[in-house]
Structure formats: C-alpha cells, structure tokens
Amino acid sequence: MAFYAIVWSVWLYRNDTVFRRVTWNVDQVFDLLKQRVATWAPAKWHHEYGVVLDTERYPAEGTVIKRRMRTRIVEEWSKPRKGEMKYNVDGAAPGCPGKVGIGGIMRDEEGNTKIVFSKAIGVEDASVAEVRAVREAFLTFAGSKLVATYSLIIESDSKNAVKWTNKPSEAPRRLRKWILHIERLKKEEKKWVMFLCLCLDTWKGLYLYVLRFNERFHDDDGFSFEGQPQIVNINESGVLF
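In the working numbering, each residue carries its 1-based index in the sequence shown increased by 4.
Structure, rendered in structure tokens:
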C-alpha cells in the first residue's frame, strides 16, 4: 500500500511541475508522501494507527504513532447474597442526541431472572440514558412484591452517573432534574446504602454504581427511602471493607 501511495503522490506532483509550472521541492514532496501514506494506512490497519492530523502537525517525525489500544477486563457477573436482588442496568444512544433506550435485568441469589425492563425514552444522549436507567430500576423494584422481603443492588457502568450523583453541582443542567431527584433520595432518612466501586480494568476509570435498600418506599413520584446513605470502598480483590 505504501508503494502505491508514494508512486501516486510523486506522479501527481510531477504533473504539477510539468503542467502548472510548480517548482520541484523535495521536502514538500516527502511531506505529501507521508501524509498520503498516513491517510491510506488506516484503511487496512484501522486498529493500529492514530489520526492523520498528527502527521500533518509533526511531518518531521516521518511516521504515524500507533494508537494505544484500550482494553477492558471483563468480569463475570456475580450473584447477590441471600436476601438480596441485583439489578444490572444500562442505557444507550446511537447518536448525540439520538433515540435513547434503557434496559435492565434483576436476578436473585440463585441467578434467576425476576424483573426485566426495556424501553425507549425519546431523543436524548447517553448520559441521560444511564441516569434514567438507574431511576427505572428503583421504580420497577418498588412496584413489585419483592420489595417487602429483599434488599436491592443496582449496578451500572456509567462513571459520569456516579460522579454527578455524588457531586450534583457538577452535573450538566440538562440532567439536574434526574440527578437532584436521586440526591433528594440520598438525603432522606431511609434504610439504604450506596456503594461506589472502582471497576478493575485497564482504563482505571470505569465505575460501578451500586445502590442498596431494604424498605418499601413511595411518594408522589414513586420515590422515598429509609436510612442514612453511606459510602464504602472495595479493594482490588473485590472485597468490601
């Protein structure tokens, strides 16, 4: 591929010198060669090469710096303890904004599925989807008979949802409605605990958002909790301390 890119570039520049009377400049030709090779290379090795703009910014380097691939360590789903339900939720949007969908699945200590939800929530972005997925988990669990005898753990992979929930003042204005709603629940004297866990992966930036409670709750919006929220930590072996 590099050979054809070089030959093509030299031929085009040669035409400019013959028909447009452009002065032949070796350095300029070399820069054009590198730029064209950098442009064509991702077509074949799209996982290895960075953006072409890097070559345009630093043509003297003579090469395109390979991208460092970010990989995640995939952890297996773990069952909740006896007397607990675990709700795994997620939200997604194909665009920003785009048609947003949220979904979740709740399972017991044996891994049996108890509740599943999946719904469209209109045109929003991914951040709204993640926050509203957590909210929907509360609503569906609160409306079930299981709320009387089980506590609940909610897991989500949204780092921003965690950050904004813990620091509502940093949340974007478009999310204040949902974030402040959750913040109000945290401050009420109800029996539930929030866990903030750093997920073990190479990004060192992906979080699990875990909420736990064991009392029936309700208000005009379907929300109300008991107990004082607590923050706990988790070590690298996955043990709470």
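Yeah, the Cβ is synthetic: ideal placement off N, Cα and C, and Gly gets one too.
Asked                                                                                                              : Found
Classification of Gly-87 by the beta-carbon crowding that lies within 10 angstroms, buried from 16 upward          : exposed
Backbone secondary structure at Asp-94 - three-state DSSP                                                          : strand
Residue from Val-135, Ala-130 and Leu-143 with nearest C-alpha to Phe-121                                          : Leu-143
Cβ pair Lys-83, Glu-113 closer than 7 Å                                                                            : yes
At least 3 beta-carbon pairs within less than 8 Å: the region 147-156 vs the region 93-104                         : no
Beta-carbon proximity of Asn-164 to Ser-131, cut-off 7 Å                                                           : yes
Alpha-carbon spacing of Arg-24 relative to Ala-96, whole angstroms                                                 : 53 Å
Cα-Cα separation between Ala-9 and Ala-42, rounded to whole angstroms                                              : 9 Å
Beta carbon of Ala-133 nearer than 7 Å to that of Ile-158                                                          : no
Reference Arg-178; option with closest CA among Ser-148, Val-166 and Val-135                                       : Val-135
Expected contact under 8 Å - CB spacing of Val-33 and Val-11 to nearest Å                                          : About 12 Å separates the two Cβ atoms, so there is no contact after all.
Whole-angstrom C-beta distance between Val-93 and Ser-160, which should lie under 8 Å                              : 5 Å
DSSP state of Lys-86 mapped onto helix, strand, coil                                                               : coil
C-beta contact flag for Pro-172 and Leu-184 at 7 Å                                                                 : yes
Collapsed DSSP secondary structure at Arg-24 in the structure displayed                                            : coil
Residue environment, Phe-7, which counts as buried when at least 16 other CB atoms sit within 10 Å                 : exposed
Beta bridge counterpart(s) of Gly-123 as assigned by DSSP                                                          : Reading the sequence as shown, one finds Lys at residue 123 and not Gly. Answer by DSSP bridge pairing, in chain order: Ile-106.
Given Leu-37 as reference, the closest of Leu-16, Ala-124 and Ile-119 once Cα atoms are compared                   : Leu-16
Local Cβ density within 10 Å of Val-138, reported as buried at 16 or more and exposed below that                   : buried
Lys-167 - DSSP class collapsed to helix/strand/coil                                                                : helix
Where Gly-115 falls, given that 16 or more other Cβ within 10 Å makes a residue buried                             : exposed
Three-state class that DSSP yields for Ser-160 in the structure shown                                              : coil
Cβ neighbours of Met-110 in the same chain (closer than 6 Å, five flanking residues each side left out)            : Met-89, Tyr-91, Lys-118 and Ile-119
Close-in-space but distant-in-sequence residues of the same chain around Thr-21 (CB under 8 Å, 5 per side omitted) : Thr-27 and Trp-28
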